[in-house]
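In the working numbering, the protein residues as written are 2 to 178. By construction, the Cβ of each residue, glycine as well, lies at the ideal position given by its N, Cα and C atoms. Owing to the predicted nature of the structure, the values given are computational and were not obtained by experimental measurement.
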Amino acid sequence: MKLNELFQALRLAALGLLSLSLLSCGDEDALSKQIKVSISPASPIVINAGWTTTITDEEGNETEVSFAGPWLKFNYSIDNQSDRYLTIAGIGAKVRTFRFGREVVEEFTFQLPSGIPRHAVISPKTTETLIRDMFLYGLPASDSNSWSVELIFEGWYGTYQEPEKSYRRSFFFNANN
Numbered sequence: 002m003k004l005n006e007l008f009q010a011l012r013l014a015a016l017g018l019l020s021l022s023l024l025s026c027g028d029e030d031a032l033s034k035q036i037k038v039s040i041s042p043a044s045p046i047v048i049n050a051g052w053t054t055t056i057t058d059e060e061g062n063e064t065e066v067s068f069a070g071p072w073l074k075f076n077y078s079i080d081n082q083s084d085r086y087l088t089i090a091g092i093g094a095k096v097r098t099f100r101f102g103r104e105v106v107e108e109f110t111f112q113l114p115s116g117i118p119r120h121a122v123i124s125p126k127t128t129e130t131l132i133r134d135m136f137l138y139g140l141p142a143s144d145s146n147s148w149s150v151e152l153i154f155e156g157w158y159g160t161y162q163e164p165e166k167s168y169r170r171s172f173f174f175n176a177n178n
């Protein structure tokens, strides 16, 4: 009898720990759902030709930049409707398309221009546009003239000085030419 009672107690303890861990995951998922990313335009166009433009940073410094085709340009904003600060430390992208009947996947890391901090802190209940005119260039050639883009944001909940929990989330959009 005592062995059976011990087994029941261990079973109840294990179920209790499992339900607590599920509540914790549910809390993180609910928090993550309060962060929205908007892309403008919603479906960027891809340009196959090369292009040269001048980019001006927040301090007024101008830099001439050339882009090899295919490339696309978009803006994004982050709407933080949570009650916590959100610090974005890095932005990457995975681009998928088809070439000769096979899927091609390329990964990109955005280089932040001078004058923009290496991290950005978004206050609770605010919307921020961190970088305007983001260019994604050197895209893989495509037979379908269609690219699927996954933007990957990494950082943490909390301020730069006081991180609380890690944050990594992907957002998707399509681009065509």
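For Ala43, does the count of other Cβ atoms within 10 angstroms reach 16, so buried, or fall short, so exposed? exposed
Using CA atoms only, rank isn't needed, just tell me which of Arg103, Ile92, Val122, Thr98 is closest to Thr110. Ile92
Beta-carbon within less than 6 Å of Ile79's beta-carbon, same chain only, minus the 5 sequence neighbours each way: which residues are those? Val38, Ile123, Glu129
With Leu46 and Asn178 assumed to form a contact (beta carbons below 8 Å), what rounded beta-carbon distance in angstroms separates them? With the sequence shown as reference, residue 46 is identified as Ile, and Leu is not the correct amino acid for it. Yes, they are in contact, since the Cβ atoms of Ile46 and Asn178 sit about 6 Å apart, within 8 Å.
Just mark Cys26 as buried or exposed, buried being the case when its beta carbon has 16 or more other beta carbons within 10 Å. Here Cys26 scores only 41 on pLDDT, less than 50, and its place in the model should not be relied on; the value that follows carries that caveat. With fewer than 16 other Cβ atoms within 10 Å, it is exposed.
Tell me Gly156's beta-bridge partners as DSSP assigns them. Answer is Ile89, Tyr168, bridged to Gly156.
Residues near Tyr86 by beta carbon distance below 8 Å, same chain, minus five either side: Val122, Ile123, Ser124, Pro125, Tyr158, Gly159, Thr160
Keeping to the same chain, check which residues put their C-beta closer than 6 Å to that of Ala142; ignore five residues upstream and five downstream. Arg100
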